[in-house]
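Report on the structure given below.
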Amino acid sequence: MIEIIISVFIIFGGIFTLIGSIGLARRPDFYTRLHGPTKATTLGVGGLLVASMIYFGTQETISMHELLVTMFLFMTAPVSCHLMAKAALHLRVRSEVDLPKSDK
Amino acid sequence: MNVLKRLVPHPIFSLLLWIVWLLLNNTIAMGHVVLGAVVALILPWATAKFWADRLHVHKPGLALRFLLLVLWDITVANIQVAKLIMNPMRKLRPAFIEYPLDTDHDFAVTVLAATISLTPGTVSIDVNSDRSVLLIHGLDIEDEAATIAEIKNRYEKPIREIFGC
């Protein structure tokens, strides 16, 4: 029973990671591509982490590392996304829609 | 009190560091409890110069509720974005939005920007120099004003209440 639940979470996580990657590959410009890896993957990784937690929860030792992974993921994903977007905007990377005017 | 304030400039940060240390080592052995406490006290003290201001959480209960709300939103909106990406017939309407900020509190703006980036459909790109406008890129924006209003009510208001700014 527990194996079925774990498998469901792993498949769920895998599907969302895959969708995030497909989004990354299929979108036409840099700015829309950014959305895939920062978002769909958070839920993908989340699913894998829940599976990992359930699995190790049924073993003798309880591991809390998954909580930390979630925390660091939520702290670093917006920062890296922000830096890449800012750099792209600074270099005026081509976009499908009009770029906003620079305020510098 | 003043001495205590100088020795422990960021009590919340210290507490978090201590918890993270214990979680990383996955133990509550006495040695790590002490070592973690030392690290948690020294790090904020050593980096005190980089901190703009002391962090005040005015409403911890609301902060917890906000965290749960954001986690829920991430889950729901992830599924929506997945649908958008997987539907080949759907033409997306990406857009840059200039979001007017109501606060210039460093930490509140940071938390808001991170929240916007984590909730699917939008990423925050840049804050202008006087912290009045946050530039957001939306993946599929139907109505710019509605998006701004939603972010304002759902995220910015509670954040400003939590930090009291």
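Going down the list, the sequences are from chains F and E.
Counting the first sequence from 1 gives a position; the working numbering is that position plus 2.
Take the second sequence: its position 164, counted from the start at 1, is 145 in the working numbering, and no numbers get skipped.
Ideal Cβ placement from N, Cα and C applies to all residues, glycine included.
(1) Looking only at its own chain, which residues have a Cβ that is under 6 Å from the Cβ of Ile54 (chain E), when we skip the five neighbours before and after it?
(2) Quick one: which chain F residues come within Cβ less than 9 Å of Met67 (chain E)?
(3) Spatial neighbours of Ala29 (chain E) within its chain, please: C-beta separation below 6 Å, excluding the five flanking residues on both sides.
(4) Of the choices E:Glu142, E:His118 and E:Asn7, whose alpha-carbon is the least far from that of Met86 (chain F)?
(5) Could you tell me the distance, in whole angstroms, from the CA atom of Asn109 (chain E) to the CA atom of Leu116 (chain E)?
(6) Output yes if chain E places a C-beta closer than 8 Å to the C-beta of Leu91 (chain F); else output no.
(7) On the criterion of 16 or more Cβ atoms from any shown chain inside 10 Å, does Ala89 (chain F) qualify as buried, or is it exposed?
(8) Would you mind listing the alpha helix (DSSP H) stretches within the region 43 to 95 of chain E that are 4+ residues and don't spill past its ends, in chain order?
(9) Suppose you measure from the CA of Ala53 (chain F) to the CA of Ile6 (chain F); what does that come to, to the nearest Å?
(10) Under a Cβ-count criterion, where at least 16 other Cβ atoms within 10 Å of its own Cβ denotes burial, should Gly17 (chain E) be classed as buried or exposed?
(11) According to a CB-to-CB cut-off of less than 7 Å, which residues of the region 43 to 61 of chain F neighbour chain E?
(12) Output yes if chain E places a C-beta closer than 8 Å to the C-beta of Pro39 (chain F); else output no.
(13) With a threshold of 8 Å between beta carbons, is Ala44 (chain E) in contact with chain F?
(14) Taking 8 Å as the cut-off, does the region 7 to 16 of chain E touch the region 43 to 50 of chain E (at least 3 CB pairs, one atom from each stretch)?
(15) Quick check on Ile55 (chain E) - is its C-beta less than 8 Å from some C-beta in chain F?
(16) Just the C-alpha distance for Arg74 (chain E) and Gln61 (chain E), rounded to the nearest angstrom, thanks.
(17) Can you find the residues in the same chain that come closer than 8 Å, C-beta to C-beta, to Arg94 (chain F), ignoring five residues on each side of it along the sequence?
(18) Using the beta-carbon of each residue, which ones in chain F are nearer than 9 Å to Ser(-5) (chain E)?
(19) For Gly119 (chain E), list the residues DSSP reports as bridge partners.
(20) Could you work out which residue in E:Glu131, E:Leu(-2) and E:Ala95 is closest to Ile23 (chain E) when comparing CA atoms only?
(21) Assuming Arg112 (chain E) contacts Val90 (chain E) under a Cβ cut-off of 8 Å, what Cβ separation, rounded to an integer in Å, is found between them?
(22) Considering only DSSP beta bridges, list what Val38 (chain E) is partnered with.
(23) Closer than 9 Å between beta carbons: that is the criterion. Which residues of the region -8 to 17 of chain E meet it against chain F?
(24) Throw me the rounded Cβ distance for the Thr84 (chain E) and Arg46 (chain E) pair, which I believe falls under 8 Å.
(25) With DSSP as the reference, please indicate the residues paired to Val114 (chain E) in a beta bridge.
(26) Measure the Cβ-Cβ separation of Ile143 (chain E) and Leu43 (chain E) and say whether it is below 8 Å.
(27) Opposite Val108 (chain E) in the DSSP bridges: which residues?
(28) Just how far apart, CA to CA, sit Tyr57 (chain F) and Glu79 (chain E)?
(29) Taking the beta carbon of Ala76 (chain E) as the centre, do at least 16 other beta carbons fall within 10 Å, making it buried, or is it exposed?
According to the structure data:
(1) Residue identity check: residue 54 (chain E) is Asp in the sequence provided, not Ile. Closer than 6 Å at Cβ, skipping near neighbours: Thr100.
(2) Ile21, Ile24 and Gly25
(3) Pro(-10)
(4) E:His118
(5) 8 Å
(6) yes
(7) exposed
(8) none
(9) 10 Å
(10) buried
(11) Thr44 and Leu45
(12) no
(13) no
(14) no
(15) yes
(16) 15 Å
(17) Leu101
(18) Ordered by position in chain F, no residue passes the 9 Å Cβ test against Ser(-5) (chain E), which lies about 16 Å from the chain.
(19) E:Ala76 and E:Thr103
(20) E:Leu(-2)
(21) 6 Å
(22) DSSP output for Val38 (chain E) lists no bridge partner at all.
(23) Val1, Leu3, Leu4, Leu5 and Asn7
(24) Not a contact, Cβ separation roughly 19 Å.
(25) E:Pro81
(26) yes
(27) E:Leu115
(28) 45 Å
(29) buried
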